[in-house]
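Participant: Numbering (the working numbering), first residue to last: 1318 to 1650. Every residue gets a Cβ at the ideal spot worked out from N, C-alpha and C, and that includes glycine.
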Amino acid sequence: MHFMHDNPFLGKEKSVVATLSSIFKAQGRSEYVKILDASSPTIEEAEYDNWNGGTYYYTLSLEIPVDIFARIESALSKHEGEIGAKLQLVVRETGNDILNRVIIRPQMVESVSELAVEHSGNERVQAIWKNKPVKIFISHQNSDKVAAAKLSAFLSKFNMAAFVAHEAIEPTIPWQSEIKIALNTMDVFLALLTSNFRNSKWTDQEVGFAVAKKAVIIHVRDGQDPYGFIGETQSLSMPIEENENLGMEIISILLKNPVLKSRVRETLFVTLENIGNFTYACKTMKLLQKAGAFSEQEIQRIREAAARNTYVRDAYNVKDFLAENEPPKEIPF
């Protein structure tokens, strides 16, 4: 007899997919990264075997946009097999609960017109977030828009997109629609809790949306105590006008987040490799050093970045780091 059994993977779908994506990204396999990052994942029980006290088999289903599915359809089994093999390496030692299969399928659309709307929406998503890998929605009261814009500009130095409604929306685009798209596709919700925050009729709705979406939520206390569900989220206390210090603290928090830390870390490496400013080379290296131990591959990336880029090479903390991590010397025979 097969009794009801709790799904041990419930609520872990996004974390599993984010981990897989990070591994493929580190291996330079961008096609799989695109599939995983675009997917809506679910993990469901697929099979039961009553041998050895009962074994439950689960399947990771990845629903992806129709245009991506169409591109990979001819090699669908190959892609499912590759992701499935990696999945079994990531999710091991789970006792009688085994997650061992991947299915990729297209997201259903009801009509051709709906598909056209989806493509239009994808274009708007790209326009809002500028194809940046980390997407931050800044919720703020209108009187704080200057501080919000400065914070957004600072975060952009690290290859992150921070949406500030008054700055990001083009005059000809319906602003409510644009805000909904940004809320639906954000990775991080950042609330600037100044004394004016609750005077807006929109900020509470944005907070509610972020909580329902289960986005990563950070709130900055600057005159308004956290309230409701937002009180349970990650907190910073500092003036919002200190945009550089605040930005550094926000990134430091994201580097500790289990879902986003790998993506943020990779974003910082790419930033360092392409930096065009001595000051930000130092800041980027400082953030990377907060992110935990470096692999030998990552150390080599820093060496190569310093060899190619004078801003990286001249950054004082990069110099100190490379002096402490010199490449092993070859022993002559």
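1. Which ranges does the alpha helix (DSSP H) cover as unbroken runs of at least 4 residues, wholly within the segment 1547-1580, from first to last along the chain?
2. Could you give the residue range of the beta strand (DSSP E) that holds Ile-1415?
3. Keeping to the same chain, check which residues put their C-beta closer than 8 Å to that of Lys-1329; ignore five residues upstream and five downstream.
4. Would Leu-1353 be called buried (16 or more neighbouring beta carbons within 10 Å of its own) or exposed?
5. Assign Arg-1582 to one of three DSSP states: helix, strand, or coil.
6. Tell me whether the segment 1492-1503 and the segment 1523-1538 touch, counting them as touching only if at least three CB pairs, one residue from each stretch, are closer than 8 Å.
7. Using only CA atoms, which one of Ser-1347, Pro-1423 and Pro-1450 lies nearest to Ser-1399?
8. Roughly how many angstroms lie between the CA atoms of Ser-1332 and Pro-1575, to the nearest whole one?
9. Just tell me which of Gln-1458, Val-1463 and Thr-1588 has its CA closest to the CA of Ala-1622.
10. My understanding is that Gly-1540 touches Thr-1511, with C-beta atoms under 8 Å, so please give their C-beta distance in whole angstroms.
11. How about the segment 1409-1425 and the segment 1546-1554: do they share at least three Cβ pairs that are nearer than 8 Å?
12. Any idea what DSSP makes of Tyr-1691, helix, strand or coil?
13. Classify Met-1602 as helix, strand or coil using the three-state DSSP reduction.
14. Let me check one thing: in DSSP terms, what residues is His-1536 bridge-paired to?
Facilitator: In short, the structure shows the following:
1. Whole alpha helix (DSSP H) segments, 4+ residues: 1560-1571.
2. 1414-1423 is the extent of the beta strand (DSSP E) around Ile-1415.
3. The residues are Ile-1360.
4. Leu-1353 counts as buried, since no fewer than 16 other beta carbons sit within 10 angstroms of its beta carbon.
5. Residue state, collapsed to three classes: helix.
6. A contact exists between the segment 1492-1503 and the segment 1523-1538.
7. The question names Ser, yet the displayed sequence has Glu at residue 1399. It is Ser-1347 whose Cα lies nearest to the Cα of Glu-1399.
8. When rounded, the distance between both Cα atoms is 7 Å.
9. The residue among Gln-1458, Val-1463 and Thr-1588 with its C-alpha nearest the C-alpha of Ala-1622 is Thr-1588.
10. 5 Å between Cβ atoms; contact.
11. Because the criterion of three Cβ pairs below 8 Å is not met, the segment 1409-1425 and the segment 1546-1554 do not touch.
12. Because the chain in this structure spans residues 1318 to 1650, residue 1691 falls outside the shown range and cannot be described.
13. Judged by DSSP in its simplified three-state form, Met-1602 adopts helix.
14. According to DSSP, His-1536 bridges with Ala-1508 and Ser-1552.
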